Structure formats: structure tokens, C-alpha cells
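Read the structure below first, then the notes.
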Amino acid sequence: MPNPAIAAADWGTSHLRVWLLDADGNALAERRSAEGLLSVKPGGFSDVLESHLDAMGAPATLPVIICGMAGSRQGWIEAPYVFVPASIGDILAGAVAAPGTRRDVRIIPGIAQRDQTAPDVMRGEETQLAGIAELSSGSHLVCMPGTHSKWVETNNGAVSGFGSWLTGELFSLLSRQSILRHSLGESPVSVSPDNATFRHWCANALSEGGDIGAHLFRIRASSLLLDLSPPDAAAALSGLLIGAEIASAARRFAETSGPVTLVASSSLAKLYESALHMAGREVRVVDGDAVVRAGLFAAARHNGMIGSIGTQA
32 MPNPAIAAAD WGTSHLRVWL LDADGNALAE RRSAEGLLSV KPGGFSDVLE
82 SHLDAMGAPA TLPVIICGMA GSRQGWIEAP YVFVPASIGD ILAGAVAAPG
132 TRRDVRIIPG IAQRDQTAPD VMRGEETQLA GIAELSSGSH LVCMPGTHSK
182 WVETNNGAVS GFGSWLTGEL FSLLSRQSIL RHSLGESPVS VSPDNATFRH
232 WCANALSEGG DIGAHLFRIR ASSLLLDLSP PDAAAALSGL LIGAEIASAA
282 RRFAETSGPV TLVASSSLAK LYESALHMAG REVRVVDGDA VVRAGLFAAA
332 RHNGMIGSIG TQA
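Residue numbering for the sequence shown follows the working numbering, beginning at 32 and increasing consecutively.
Below you can see the structure in the form of C-alpha cells.
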């Protein structure tokens with residue numbers, strides 16, 4: 032393996048992804064695990080990281096750049112939020128050094144919106160923004176679906192505002208712990224963007240401006256009275272929640288026109304792309320893994336971390 036220039040990690044609440052990157056930002060090696068914030072013992076972040084670096088043969092002096100929940104108050108060390116509006120460069124420059132390690136380890140801060148009507152925070156997604164080259168000029172609207180979906184408005188390389196939607200978490204809670212679990216079954220199947228039920232419920236949510244409260248119980252009623260099958264009940268819930276999110280975000284960011292940059296992978300990307308097209312929006316899809324790696328590499332460069340590296344172990 033060629034000598035890596037930097038190790039990069041995306042440390043979330045329930046996952047950890049670590050890469051070794053070369054001097055051009057290309058991935059040389061990768062490790063993934065479920066050792067997210069919630070599973071790491073207090074004081075154990077350095078040991079977890081080193082175990083993965085050792086497994087990939089990383090040099091002992093190789094620096095590491097990290098984004099995500101490792102920088103939260105309950106993480107390795109708190110990387111204080113950068114308040115928006117802020118340039119992406121200023122966000123990256125706020126990386127803090129992690130204690131208790133033999134190497135240079137820095138953690139990128141999240142961003143916060145101190146707004147009386149729409150307070151919000153994010154950690155990890157700001158690094159994906161840094162990996163999208165097109166955001167350096169012009170106005171853009173970025174959608175990052177997930178457990179807590181993020182919509183971000185950027186202007187000439189600066190984050191001007193953002194919002195969070197609990198779409199993924201709501202689907203999980205409603206399908207497992209609400210009355211709807213009886214309609215969706217034990218293990219809801221994955222939903223296809225071509226599913227007619229998904230498209231019908233998504234279209235209803237879009238046309239009615241995202242009002243889901245009155246519609247959720249109709250999924251249960253449809254399974255009782257109209258023979259809605261468990262797979263179609265899952266499609267209905269998915270369509271309703273995604274459509275409601277997009278309708279709400281469209282109102283929130285009504286002044287930002289043009290294509291929506293969708294940061295997602297696999298089936299989730301296809302569902303959101305389909306729903307956004309139904310809402311009349313052009314979509315540009317970028318791979319989530321690729322942009323987080325690019326963002327971490329940009330952060331390492333911004334903080335002067337790519338330079339003299341020890342010899343390959």
C-alpha cells in the first residue's frame with residue numbers, strides 16, 4: 032500500500048468509518064464498525080481509533096481528522112459549534128485537538144443556528160458540505176436524508192441557514208412502537224421509488240403542504256378496511272413522511288431556486304430523488320461517502336495536517 036497522507040474518520044452516534052487517504056484524497060483502505068458514540072466507553076475513543084488504524088497498517092505518526100459526534104459534549108472532546116452564517120472554511124478552521132493520543136488528532140466542529148424561531152444544530156453533515164465543490168459559488172439548497180434529515184442553504188461557500196427533519200427517526204418509531212406497527216408487520220420491507228402506493232401518499236403529502244397528523248391513522252384504517260398490505264403500508268408511511276419533509280423544506284427555503292443537491296446513497300437516494308421530481312425540483316445526486324471523504328481531506332488541508340508523515344509501519 033502506498034504511504035497514506037492522512038487518516039479520516041466519520042464518527043457518528045451508532046457508526047464509525049475510518050479511511051486512509053493518499054496525498055490526492057483517494058481512499059487506500061477503509062474500516063467500518065458499529066462503534067459509534069453510544070458504544071464507546073468514557074475515555075475509550077483513542078483505543079477504538081488506534082485499533083482500526085493498526086488493522087489498516089497506518090504509520091504511528093499519521094495524523095487523523097475526524098467529523099461527527101466524537102466532537103459532541105458526550106464525545107472524545109467537545110468541538111464548540113460554529114454559529115451560522117459562516118463560511119465553510121471558517122467551520123473547518125475550528126477543528127480542535129483531541130487529548131490522550133500519541134498522534135495529531137483533530138475534530139471538526141458542528142454548526143449551530145441560534146434563532147428564536149428555528150434553533151438547530153448539526154454535527155458531521157457540515158463536513159459533507161465541504162466536500163461538494165460546486166458550493167463554492169452561487170446559491171444552493173442541499174438535502175441530506177437520514178435519521179435526522181438536514182436541509183442546508185449555502186451562498187458563495189457559506190452556510191446561511193439550515194433545518195432538521197426527524198423523518199428517519201419518525202419512520203422507525205412509528206413502524207416499531209405505534210399502532211402502525213400492526214399494519215407494517217415485524218420487519219418492514221424496503222420501498223421502491225416506483226411503488227404506486229409510495230407515490231400516491233407522497234403526492235398527497237406534497238399537495239397538502241406536509242400535514243401528516245391527519246393522515247397517519249389513515250394508514251392503519253386502510254389496512255383494516257381497504258386491505259392495504261404490510262409492504263404497501265410501509266410504502267405509504269415512507270411516502271407520507273418524505274413528501275411532508277420536502278413540502279415543509281420547500282416552504283422554509285422558498286427563495287432558493289435551482290436544482291436540489293441530494294447527498295445520499297443507494298435506496299434512500301432513489302426515494303428522495305423520485306419525491307423531489309414529483310415536487311417539480313431538479314435534482315443532482317452526490318454520493319454521501321465520497322463527499323464526506325472529500326470534506327475530511329479538505330479539512331486536513333485547511334488545518335495544515337498534510338505534510339511530513341512517518342514511514343510506513
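We treat Cβ as the ideally placed atom computed from N, Cα and C, and that holds for glycine. None of these values were measured; they are calculated from a predicted model.
Inter-residue Cα distance where the pair is I108 and A325 = Here residue 108 is taken as the residue at index 77 of the sequence shown, counted from 1. Here residue 325 is taken as the residue at index 294 of the sequence shown, counted from 1. For I108 and A325, the distance between alpha carbons rounds to 23 Å.
CB C98 to CB R154, shorter than 9 Å?
-> Translated into positions along the sequence shown, residue 98 becomes position 67. Translated into positions along the sequence shown, residue 154 becomes position 123. Yes, the pair counts as a contact, with Cβ atoms nearer than the cut-off.
Close beta carbons around A117, own chain, < 8 Å, minus the five adjacent residues each side | Locating residue 117 in the sequence shown gives position 86, counting from the first residue. Taking A117 as the centre and dropping the five residues before and after it, the same chain places the C-beta of I142, A189, V190 closer than 8 Å to its C-beta, in chain order.
DSSP three-state assignment for G289, whether helix, strand or coil | As a position in the sequence shown, residue 289 is number 258, starting the count at 1. Assignment of G289 by DSSP, reduced to helix, strand and coil, places it in the coil class.
DSSP on N186, reduced to helix/strand/coil?
-> As a first step, residue 186 must be located in the sequence shown, where it is residue number 155. N186: strand per DSSP, three-state reduction.
Below 9 Å between beta carbons: does that hold for G125 and V136?
-> By 1-based counting over the sequence shown, the position of residue 125 is 94. By 1-based counting over the sequence shown, the position of residue 136 is 105. Using a Cβ distance threshold of 9 Å, G125 and V136 do not count as a contacting pair.
Taking the alpha helix (DSSP H) that A266 falls in, what are its first and last residues?
-> Here residue 266 corresponds to residue number 235 of the sequence shown, with the count starting at 1. Counting along the chain, the unbroken alpha helix (DSSP H) around A266 starts and ends at 261–283.
Complete runs of the beta strand (DSSP E) confined to the segment 86–143 [at least 3 residues] = The qualifying runs are 95–99, 136–138.
Straight-line Cα distance separating I273 from S305 | Working through the sequence shown from its first residue, we reach residue 305 at position 274. Working through the sequence shown from its first residue, we reach residue 273 at position 242. Approximately 10 Å between the Cα atoms of the pair.
Among P130, C174, I277, which residue has its Cα nearest to the Cα of G74?
-> For the purposes of this step, residue 74 is identified with residue 43 of the sequence shown, where counting begins at 1. Measuring from the Cα of G74, the nearest candidate turns out to be P130.
Evaluate the contact criterion for the segment 191–202 versus the segment 313–325: three or more CB pairs, one atom per stretch, below 8 Å.
-> Flag = no, the segment 191–202 and the segment 313–325 do not touch.
Can the beta-carbon of L68 be found less than 9 Å from the beta-carbon of G106?
-> Here residue 68 corresponds to residue number 37 of the sequence shown, with the count starting at 1. Here residue 106 corresponds to residue number 75 of the sequence shown, with the count starting at 1. Against a cut-off of 9 Å, the Cβ pair of G106 and L68 comes out as a contact.
Buried or exposed for H333, please, with buried defined as at least 16 other CB atoms from any protein chain shown within 10 angstroms of its CB.
-> The count along the sequence shown starts at 1 and reaches residue 333 at position 302. Buried.
Looking at the structure shown, is A321 part of a helix, part of a strand, or coil, going by DSSP?
-> Along the sequence shown, one-based indexing puts residue 321 at 290. The answer is helix: DSSP assigns A321 an H, G or I state.
Say whether the segment 75–92 touches the segment 290–302, bearing in mind that this needs 3 or more beta-carbon pairs closer than 8 Å, one atom from each stretch.
-> Counting Cβ pairs under 8 Å, fewer than three are found: no touch.
Taking C-alpha atoms, which residue in N187, F193, G162, S168 lies nearest to C174?
-> Residue numbering aside, residue 174 sits at position 143 when the sequence shown is read from its first letter. The shortest C-alpha to C-alpha distance from C174 to any of N187, F193, G162, S168 is the one to F193.
Collapsed DSSP secondary structure at A65 in the structure displayed | Taking the sequence shown and counting its residues from 1, the one referred to as residue 65 is at position 34. Coil, per DSSP.
According to the neighbour-count rule (16 or more other Cβ atoms, all chains shown, within 10 Å of its Cβ), is T148 buried or exposed?
-> As a working mapping, residue 148 is identified with position 117 in the sequence shown. Counting Cβ neighbours within 10 Å, T148 comes out exposed, since fewer than 16 surround it.
First and last residue of the uninterrupted beta strand (DSSP E) at H171 | One-based indexing of the sequence shown puts residue 171 at position 140. Note, H171: beta strand (DSSP E), 170–175.
Residue from L52, M100, A58 with nearest C-alpha to G43 | Along the sequence shown, read from residue 1 onward, the residue named residue 43 stands at position 12. Residue M100 is the option with its Cα nearest to G43.
Considering only residues of the segment 186–249, which uninterrupted alpha helix (DSSP H) runs meet the minimum length of 4 residues and lie entirely inside it, listed in chain order?
-> If one requires a minimum length of 4 residues, the alpha helix (DSSP H) runs lying completely within the segment 186–249 are 198–208, 212–215, 227–238, in chain order.
When we look at the beta-carbon of M336 and count the other beta-carbons within 10 Å, is it buried (16 or more) or exposed?
-> Along the sequence shown, read from residue 1 onward, the residue named residue 336 stands at position 305. Classification for M336: buried.
Cβ shell of G177 (< 7 Å), same chain only, five flanking positions each side left out | Taking the first residue of the sequence shown as 1, we reach residue 177 at position 146. Answer for G177: G199, listed in chain order.
Compare the beta carbon distance of G289 and L172 with 9 Å and say whether it is the shorter of the two.
-> Looking up residue 289 in the sequence shown gives position 258. Looking up residue 172 in the sequence shown gives position 141. Going by C-beta atoms, G289 is nearer than 9 Å to L172.
Does the Cβ-Cβ distance between A285 and V220 come in under 9 Å?
-> Sequence index remark: in the sequence shown, residue 285 carries index 254 (1-based). Sequence index remark: in the sequence shown, residue 220 carries index 189 (1-based). V220 sits away from A285, with the two beta carbons spaced by 9 Å or more.
In the DSSP assignment, find the unbroken alpha helix (DSSP H) run with A161 in it and report its ends.
-> For this step, residue 161 is matched to residue 130 along the sequence shown. 156–161 is the span of the alpha helix (DSSP H), which, as asked, contains A161.
Three-state secondary structure (DSSP) of W42 = As a first step, residue 42 is located in the sequence shown; it is residue number 11 there, counting from the start. Correct three-state label for W42: strand.
Per-residue burial, P35 [other beta carbons within 10 Å of its own, 16 or more giving buried] | The residue given as residue 35 occupies position 4 in the sequence shown. Buried: at least 16 other Cβ atoms inside 10 Å.
Thinking C-alpha only, which one of N186, I96, L247, A330 is nearest R212?
-> As a first step, residue 212 is located in the sequence shown; it is residue number 181 there, counting from the start. For R212, the closest alpha carbon among the candidates N186, I96, L247, A330 is that of L247.
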